[in-house]
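Enquirer: Residue numbers (this note's numbering), protein chains in the order written: chain A, 5 to 359; chain B, 3 to 301; chain C, 859 to 1360.
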C-alpha cells in the first residue's frame, strides 16, 4: 500500500503532463498520439534508440542523485549545473595535463578530479550556509554563472587549440578514454557513446542507497534533513551535515564529467550541458528522492530527450522543444502535488510527503 | 581607456539595464510579499516571445508590449496558484517555469513560424523607438512609483507586512493570500515588459532562450539592492554597466601582452557581489522574513 | 457584549474546546483562568476569528455573528492582543497600528492623520510610545502598548488579552493594570486570559474557569478566593501522590554553579543559578512556563552554544560547560525534551530509527568497520523499548508520526532509559499524554531514581512536580527563588513563590 502511495502521485503528474502536452500538440495542429508514438518508439528501438536513451540517462542519474543527497539533508541544490561543469573541466584538465600516463593511473586520477572538482564547487554553498546562514538556493544559482564564466575563460585563453573556432579544449590523452559499452554488448554498435560511466552511475545509485540508509553518516544526514533540532539533540552537528551533504551532492554532479569528457567527447566542450543540473531536480523529485526512483525517472527524461529528435523530424509542426515543455510541466505537477491530493483525500489515499 | 568611458557607454548601460530594472522591480513585489521568484527568467522569456510574435502579427510595438505583459501575467498566475493555493515549493516551481519557458516559445514558434525557435524579423519601424533619454526617464519614473507604492500606500504596507509576518498581517485583518497573488502577478507583468524590451527594443526578433540569464541577474540585483527599490535600481545599473563595459571592450582594449582582456571576469562581478552581500560582508542583506514559507493558518 | 455558545474545536485528535459557554458582560474586566492546555486561548482565538469553531456560535451584543476571519471580528468591535505579539518587527509603530485599517485614500497613506489619532489614543489611555520607532528596537512592555493601541485604533470595544502579564515585570504589571482600569472607565470591555490567580483577584470583575477544554466555573471575583479558584483549575482538593519510598541519595551527580544563559536577543533568560542533583533523588523545578526552564534544560543538555553560557556545569568531577551534546550523552546524561515534536523525534523516521537517535554512531548499533548500521541490533533495541515501555502499536516499522502523543512520549522515555543514564534531564514528561500513560511514566521515573540515577525534573504541572520530587526548587524570571519540601508544601505556598518570586 505504501509503495502504491509512493508511485501514484509521480505517475499522475507524468500522465497529467503528457495530457497537457497532448492538448498543446493538438492546438498547433498535429496528432498527439502520433507524436508520442514517435517519441517512445524511437527511444525503445534496439540498438540505437535504447543505446542513446541509456546514454542520455547517465548524466541525469548523476544529477538526480546529487539533488537527492542534498534534499535528504533538507537542502535544495540547484547548483548541480555549475558543479557538473567544474567536474567536467577538472577531469579534462587532468586528462590533458597528464596525457602521457598509463591508463591504470590516469583514469583513476581523472575520476578523482571530476569528484573533487564538483565536490569543491558544491562545498562552497554548504560552507556559506553553515557559516553565514546564507541561503543555498541563491548561492548555487550565482555559482552556476560563475562556473560558466570561469570555465569559458580557461577554455578560451588556456586550453583551446589555437585557431579552433569552437569553444572546446584540446583533446585529452588517449589513456584517459574509458570504454564504450558497444565493445562488451553484442549488437550495440560502438558509435553509440554509451560508456562505462553508465555502469558507474548505477553503482553510485547503490552506493548512495547504502550510504544514506545503511551507514551512521547517512543516518545523521537524513536526521538533519528531517528535523535539525532533533538531530542536534541527538548529538549531531547540523553545520557539519550541511557541508557534507553539499560536498557529496557536488561530487555526484561532477561525475557527469566522466561520462561527457572521458566517455564521449574526449575533451571539454564549453556549454555541453543540456540543463542536466536543472533536470536533475525533476529527476529527484519525480523519483521521490530515492535512488531507484532516480533511475526510473532519469530513464523517462532520457526517453523524452532521445524521442524529441524523431518527433521534430517526422511531425508537421511539433519540434523537439516539446521535451522541455513536458519536463517543465512534470516538475510543476510534482511540486504542486496538493493539486491532485485534494480529490484523492476523499478516497482516503491522502499522504503527506515533504517536498 | 578613454574610448571606453564615453557617452556611448552611458547610453549602452541604460539600454542594458532596462530589462534588469523592470524585472528586478517586478521581482521585488513578489519577494516582498513572501514568494520567492526565481521564475523571473521564464516570465521574461514569455514576455519577449509574446511581444515579438504579436508585434510581428499586428505591426504595432505598443500592442506587442501589452501582449508581453499579458504573457508574463499568465506565467505568474501559474506560479501564484502553485505556490499560494497548493503550497508548492517556490524554488522548484520557479525552476519548472524556467524550463517550461525555454521550451514553450520555441515549441510555439516552431509551429507558427516554422522556425527553429525564433520569430521572424520585425521591421525597424515597428520596434520600440525610445531615445536613451526617454528610457532613462521612464525607468526613474517606474522606480519612484515602485518606491511610492511600497512605502507610501496602504497597498505597500500590506504587501510588506505579509512578506515579513503573515500571521501578524492576518491578525490585523489583511488578506494574506490576496496580497501575495497581487505581488506575484505584478512581478509577472513587469518581467513581461522587461522581456518585451529585450525582443522588440534591444533586438528585432525573439530567439531561443534570448534572455540568457538576465532574469537571474535581476534576481541578483534585487538581493544586492537589499529588496529596496532605489538600491535595486542602482544595482541593476551597476550590473548593466559591467555588461556594457564588456561589450565596449571587446577587441578594443588589449592587455600589455596584446591579448584581449578576458570579459568572463567582468561577467562574474554581479554574481560574486551577490554572494558576498548575502554572506553579510557588505552590510547585511536581510530578506523578507517569511519568504519562501507558504502561509498556513491553524497549526 | 460577547457570548460563546457551545463552542467545540478539535485539533486533529485533540479536543481543545468541548461545548464551551462563556458570557462577557459589557464594561467589565472578565478573567478566563485555567492551567496550560485548558483551552482558554483556543476559545478566544475562535472569538477573534483566528480559528474556526467546529460547532457552536458566537454572539456579539446579543446577535449571532459569523466570525470567520480577524477581519470580521474587527468589524464588530473585537480586538485581540496575542500572547506572542502579532507585530511586524521591521516596521514602525505607526505602520503596525494602521496596518489593515489605513487612513487616507487607497493610493496615499495619510500618516499625519494617523499620528494625530495615535497621539490622541495614547493620551487618552496613557499609552506612551513613539509612533516612529521601529518595533524590533522596543522593549516587550512597549510592544504590548503598541498592540493595545492597534486594537483601540480599530475602535475595538472589547479587548481580548492573552496572558498579557507573562512578559512584564511586577512594576510593569501594576502600570498595566491601571491602564486596564482606565479602559473600563472609558466603557471598554476587557477579557484577560491568565493562569495567575493573584492577578485574577486583583483586576477582574468576573471569572470563568476552564479545565481540559471545558468551562468548570463561573464566579464573581468578589465572592471567591485563591483556594477555590485553584481547586477548580486543578480539579482536586488534595494533590496526587505517587507511591514512593524515601530517597536514598548519594553524592552529587550534577552540580551547577552560577549558571547564566544569554539569549540570542541579548537578554538573560537564566540568571546566576546554582544547585546540585544527587544520585538517587528527583530534584524538581517548579515555575510558570517561560521563566527560564527551557533554556536551563537546553544549557544542561548541551544544546546551546558555549558562548551563551557563563558559570559552570559539572558532572561528577568533570567540567562540561563547554562540551557539546554528544559528549554529554557519552558521560551518561539522558534528556527527555519538553517538545517531543521539535526536539525528541524524527517524525518521518520509523520507530526503529528513532530508537537509536543519540547512540546511532556507537556499538552495538554500528557493527561493521565503524561505519555500517546493524539492522538486527537496531531492531532488537527498538523491540526492547517498545515492549519495555508498552509503546503501541508495537510495530518498529511505523513512522513516529503515526503514534499518539502518549506513545511517542513512551518511545522517547524508553530510548533515554535504555542508555542507563547517570543523570536524566526531563521536561514536561506527561504533557499531552493520557491518564494511563501518565501513571506509567511516573512509576518509571521513580523506578529510575530508586536505581540510583539522578533526575532533574521540570514541569509546568504543579501537581506532577510536587508529587514526584524529593526536593523542589522554584524558578521565577530565570532565578531560583526558593526551595520547599514537596511532602509538606501546599499549592498556595508554592504558587506564591512561583508568581511573586520573593
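Even for Gly, the Cβ is constructed at its ideal location relative to N, Cα and C.
If you measure between the beta carbons of residue 202(B) and residue 16(B), is that distance less than 7 Å?
Expert: In this structure, residue 16(B) does not lie closer than 7 Å to residue 202(B) by Cβ.
Enquirer: By alpha-carbon positions, which one of 1222(C), 903(C) and 1215(C) ends up nearest to residue 942(C)?
Expert: Closest option to residue 942(C), Cα to Cα, is 903(C).
Enquirer: Pull up the distance between the alpha-carbon of residue 909(C) and that of residue 179(B), whole angstroms please.
Expert: Computed Cα separation, rounded: 16 Å.
Enquirer: For residue 68(A) and residue 100(B), what's the separation of their Cα atoms in angstroms?
Expert: Cα to Cα, residue 68(A) sits roughly 18 Å from residue 100(B).
Enquirer: Is it the case that the segment 73-80 of chain B contacts the segment 187-202 of chain B, given that we only count it when at least three CB pairs across the two stretches are under 8 Å?
Expert: Counting Cβ pairs under 8 Å, three or more are found: they touch.
Enquirer: Quick one: what's got a C-beta closer than 8 Å to residue 1159(C)'s C-beta in the same chain, skipping five residues either side?
Expert: For residue 1159(C), where only same-chain residues beyond five positions count, the Cβ hits under 8 Å are 1183, 1186, 1191, 1193, 1195 and 1283.
Enquirer: Please report how far the alpha carbon of residue 1387(C) lies from the alpha carbon of residue 1017(C), in whole angstroms.
Expert: Given that chain C is displayed from residue 859 to residue 1360, the structure contains no residue 1387(C) and the question cannot be resolved.
Enquirer: When you check each C-beta in the segment 927-938 of chain C against every C-beta of chain B, which residues fall closer than 8 Å?
Expert: Here the close residues are 927, 928, 929, 932 and 938.
Enquirer: Name the chain C residues whose beta carbon is nearer than 7 Å to that of residue 291(A)?
Expert: Ordered by position in chain C, no residue passes the 7 Å Cβ test against residue 291(A), which lies about 17 Å from the chain.
Enquirer: Excluding the five sequence neighbours on either side, which residues of its own chain have a C-beta within less than 7 Å of the C-beta of residue 1231(C), listed in chain order?
Expert: These residues qualify, in order along the chain: 1223 and 1224.
Enquirer: I'd like to know if residue 15(B) contacts chain A, where contact means its C-beta is closer than 7 Å to some C-beta of that chain.
Expert: It does not: the Cβ of residue 15(B) has no partner Cβ on chain A nearer than 7 Å.
Enquirer: Could you please give the first and the last residue of the uninterrupted alpha helix (DSSP H) stretch that includes residue 1013(C)?
Expert: Element bounds for residue 1013(C): n/a, residue is neither H nor E.
Enquirer: Excluding sequence positions up to five away, which residues of its chain have a Cβ less than 8 Å from the Cβ of residue 182(A)?
Expert: These residues qualify, in order along the chain: 111, 199, 200, 201, 262, 266 and 267.
Enquirer: Should residue 1221(C) go down as buried or exposed, given a rule of 16 or more other Cβ atoms within 10 Å for buried?
Expert: Burial call: exposed.
Enquirer: Please determine, among 954(C), 1348(C), 981(C) and 916(C), the residue with the shortest C-alpha to C-alpha distance to residue 866(C).
Expert: Out of 954(C), 1348(C), 981(C) and 916(C), 916(C) has the C-alpha closest to the C-alpha of residue 866(C).
Enquirer: Let's test the definition: count the other Cβ atoms within 10 Å of the Cβ of residue 162(A) and tell me whether it reaches 16, buried, or not, exposed.
Expert: So residue 162(A) counts as exposed.
Enquirer: Against chain A, with Cβ distances strictly below 7 Å, would residue 1361(C) count as a contact?
Expert: Look at the range of chain C in this structure, 859 to 1360, and you will see that residue 1361(C) is not part of it.
Enquirer: Buried or exposed for residue 42(B), please, with buried defined as at least 16 other CB atoms from any protein chain shown within 10 angstroms of its CB.
Expert: Under this definition residue 42(B) is a buried residue.
Enquirer: Is the Cβ-Cβ distance between residue 238(A) and residue 1228(C) less than 7 Å?
Expert: Contact flag unset, no.
Enquirer: Work out the CA separation of residue 33(B) and residue 289(B) for me, nearest whole Å.
Expert: Those two C-alpha atoms are separated by around 8 Å.
Enquirer: Taking the alpha-carbon positions, what's the residue 1097(C) to residue 1085(C) distance?
Expert: Low local confidence applies: a pLDDT of 46 at residue 1097(C) is under 50, so the model's placement there is unreliable, and no value is given.
Enquirer: Whole angstroms are fine: how far does the CA of residue 1254(C) sit from the CA of residue 328(A)?
Expert: Distance between the alpha carbons of residue 328(A) and residue 1254(C) is about 43 Å.
Enquirer: Beta carbon of residue 1154(C), beta carbon of residue 1128(C): below 7 Å?
Expert: Their beta carbons are under 7 Å apart, which means residue 1154(C) touches residue 1128(C) by this criterion.
Enquirer: Do you know how far the Cα of residue 221(A) is from the Cα of residue 140(A)?
Expert: Their backbone Cα atoms lie some 21 Å apart in a straight line.
Enquirer: Listing by chain order, which chain B residues have their CB less than 7 Å from the CB of residue 960(C)?
Expert: Under the 7 Å cutoff, chain B gives 156 and 159.
Enquirer: Between 302(A), 313(A) and 272(A), which has its C-alpha nearest residue 98(A)'s C-alpha?
Expert: It is 272(A) whose Cα lies nearest to the Cα of residue 98(A).
Enquirer: Restricting to Cα atoms, I'd like to know which of 186(A), 65(A) and 277(A) is closest to residue 295(A).
Expert: Of the listed residues, the one whose Cα sits closest to residue 295(A) is 65(A).
Enquirer: Using a C-beta to C-beta distance shorter than 7 Å, which residues of chain A count as neighbours of residue 86(B)?
Expert: Here the premise fails: no neighbours, minimum Cβ distance about 10 Å.
Enquirer: Below 7 Å between beta carbons: does that hold for residue 227(A) and residue 247(A)?
Expert: Not in contact: residue 227(A) and residue 247(A) (Cβ atoms no closer than 7 Å).
Enquirer: Closer than 7 Å, CB to CB, is residue 946(C) near chain B or not?
Expert: Judged by the 7 Å Cβ criterion, residue 946(C) is in contact with chain B.
Enquirer: What residues in the segment 215-226 of chain A bring their beta carbon closer than 9 Å to a beta carbon of chain C?
Expert: Per Cβ criterion, the list reads 217, 218, 219, 220, 221, 222, 223, 224 and 226.
Enquirer: Run through chain B and tell me which residues come within less than 7 Å of residue 339(A), C-beta to C-beta.
Expert: Neighbours of residue 339(A) on chain B, chain order: 84, 90, 91, 94, 95 and 98.
Enquirer: Spatial neighbours of residue 318(A) within its chain, please: CB distance less than 7 Å, with the 5 preceding and 5 following residues excluded, ordered by chain position.
Expert: Correct list, in chain order: 42.
Enquirer: Output the boundary residues of the beta strand (DSSP E) element that contains residue 1169(C).
Expert: First-last of the beta strand (DSSP E) with residue 1169(C): 1167-1173.
Enquirer: According to a CB-to-CB cut-off of less than 7 Å, which residues of the segment 229-254 of chain A neighbour chain C?
Expert: Flagged, chain order: 230, 231, 233, 234, 236, 237, 238 and 239.
Enquirer: Within the segment 1275-1320 of chain C, note down every full alpha helix (DSSP H) run reaching 4 residues or more, in order along the chain.
Expert: List check, alpha helix (DSSP H) in window: 1293-1308.
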